[in-house]
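Counting from 2, one number per residue, gives the positions in the sequence shown under the numbering used here. Here the structure comes first, spelled out in structure tokens, and everything after it is commentary.
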Amino acid sequence: MMRYWISTVFLIILSINLSQAQIEPVLRSRPEHDLRMLIVPFDPRIYYNDASPEMEKIYDKSHEELMNYFRVQWNRNMHMAFIDSCYTIDLLSDNTKEARDDIDGLYTCISYTMEDKMQNYPELEEEPNFFRSLFRSIFPKKEKKVEKIPWETRTEHGEIISNRQSSREKFAHIVFSNKNFLSDLAFRRNIDLFLFINYFEIRGDYSDPYASGQADLQRYFKVHFSIFDSYGDLVHGGYSHVEIPFYLYDREEIVNNYFPPAIRQIIYNIDFKY
2 MMRYWISTVF LIILSINLSQ AQIEPVLRSR PEHDLRMLIV PFDPRIYYND ASPEMEKIYD
62 KSHEELMNYF RVQWNRNMHM AFIDSCYTID LLSDNTKEAR DDIDGLYTCI SYTMEDKMQN
122 YPELEEEPNF FRSLFRSIFP KKEKKVEKIP WETRTEHGEI ISNRQSSREK FAHIVFSNKN
182 FLSDLAFRRN IDLFLFINYF EIRGDYSDPY ASGQADLQRY FKVHFSIFDS YGDLVHGGYS
242 HVEIPFYLYD REEIVNNYFP PAIRQIIYNI DFKY
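If you want it as structure tokens, here you go:
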């Protein structure tokens, strides 16, 4: 009889442990990774979409309402993309006073400048060639001296404009008026990395004068970003780039089909073994 009760109790304890083991992964509120990253959404003033007039008519929304839709959807998709890689801090959906003060403080001490974009990963590199390498070792390529001209950068109707230089290979970078702001914020919130979404733009590609018809015209969707470490030092800066049909005005389709590849281009540049 005693042996029966011991066996029964053992089976009950075993079943409880197994059920807890099955439930635990579902109830875990954060990944097991130690990396903590704060994602800063783009400033509502730094947004450009030349398809807005058509979209506003279709959805009967104002420019601000349409901008806010893309801002919220981009932020949501960004955090979902990192859910299995690191722990992210979401300032946009956090309605606490601390979060509002932090995001307002970040926007206040930021200014924008157009800089040469860094190479995103992974990008195809030229395969090594023995004879080319030998030639370059004997006749090294002379680097052209380029005079650095200070950017005259301004924002106009949500668009970042640089008077001095072409912005084709530039990205909208950010500089801080208070250099200690990031390090202080990182210490207070225990942050390892900052991911800033600097500029969100949907713009028609008018570079080809011979393009005609719906099949030839495209818009490019660019999201400019900067990644900083906890000391406030730049880790990476550039933009993700995706082409979308020129006459696509369906905002849900843009979010569902074109946000994911743009986000992946950003994720490739983050070292999760930080």
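Every residue, glycine too, gets a C-beta built ideally from N, C-alpha and C.
*Go ahead and pull the three-state DSSP assignment for A100.*
Here A100 sits in helix by DSSP.
*Look at the Cβ atom of Y200, then the Cβ atom of K223, and state whether they are nearer than 9 Å.*
With a cutoff of 9 Å on beta-carbon distance, Y200 and K223 are scored as near each other.
*asked:* With distance defined between alpha-carbon atoms, name the residue in Y122, Y250, S231 nearest to Q219.
replied: Nearest Cα to Q219 within the set Y122, Y250, S231: Y250.
*Starting from the Cα of S184, find the closest Cα among L107, V243, P45 and give me that residue.*
Residue L107 is the option with its Cα nearest to S184.
*Less than 8 Å between the CB atoms is what I'm expecting for I255 and I245, so what's the real figure, rounded?*
The beta carbons of I255 and I245 sit about 6 Å from each other, so the pair counts as a contact at 8 Å.
*For the alpha helix (DSSP H) that contains Y70, what are its first and last residues?*
64-82
*Inspect the beta-carbon positions of F197 and D117 and report whether they are closer than 9 Å.*
no
*Within 8 Å: the Cβ of V243 and any heavy atom of the ligand ZN?*
You won't find the ligand ZN in this model; it holds no ligand whatsoever.
*Validate contact between the stretch 227-238 and the stretch 189-196 using beta carbons, cut 8 Å, 3 pairs*: The stretch 227-238 makes contact with the stretch 189-196; the number of CB pairs closer than 8 Å reaches 3 or more.
*asked:* What does the alpha-carbon distance come out to for the pair D217 and L39?
replied: Their Cα atoms are separated by approximately 39 Å.
*Close Cβ partners of I90 (< 8 Å) along its chain, the five nearest in sequence each way excluded*: R37, M38, L39, I40, R190, I192
*What are the boundary residues of the alpha helix (DSSP H) that R1 is part of?*
Residue 1 cannot be examined here, being either before or after the span of the chain that is shown, 2 to 275.
*Per-residue DSSP class, three states only, for G205*: strand
*asked:* Please classify I84 as buried or exposed, where buried requires at least 16 other C-beta atoms within 10 Å of its C-beta.
replied: exposed
*Can you list, in chain order, the residues of its chain whose CB lies under 8 Å from that of E253, leaving out five sequence neighbours each side?*
none
*Using the beta-carbon count (16 or more within 10 Å), is P42 buried or exposed?*
buried
_Taking its Cβ as the centre, do 16 or more other Cβ atoms sit within 10 Å of F188, making it buried, or is it exposed?_
exposed
_Tell me the rounded alpha-carbon separation between P262 and A82._
11 Å
*Selection from T109, D95, I175 that minimises the alpha carbon distance to H237*: Nearest in C-alpha terms to H237, of all of T109, D95, I175, is I175.
*Classify Y232 as helix, strand or coil using the three-state DSSP reduction.*
coil
*With 16 as the cutoff for other CB atoms within 10 Å, does S30 come out buried or exposed?*
Confidence at S30 is low in this model, with a pLDDT of 45, below 50, so the placement of that residue is unreliable and no value is reported for it.
*Measuring CA to CA, which of I59, I203, E55 is closest to Y240?*
Taking only the C-alpha atoms, the option nearest Y240 is I203.
*Could you spell out where the beta strand (DSSP E) holding I90 opens and where it closes?*
88-91
*Those residues which DSSP pairs with L218 across a bridge*: Assignment of beta-bridge partners to L218 by DSSP yields no partner.
*How would you write the range of the beta strand (DSSP E) that Y122 sits in, first residue to last?*
No beta strand (DSSP E) contains Y122, which DSSP labels as neither H nor E.
*Pull up the distance between the alpha-carbon of A100 and that of T109, whole angstroms please.*
So the alpha carbons of these two residues sit roughly 14 Å apart.
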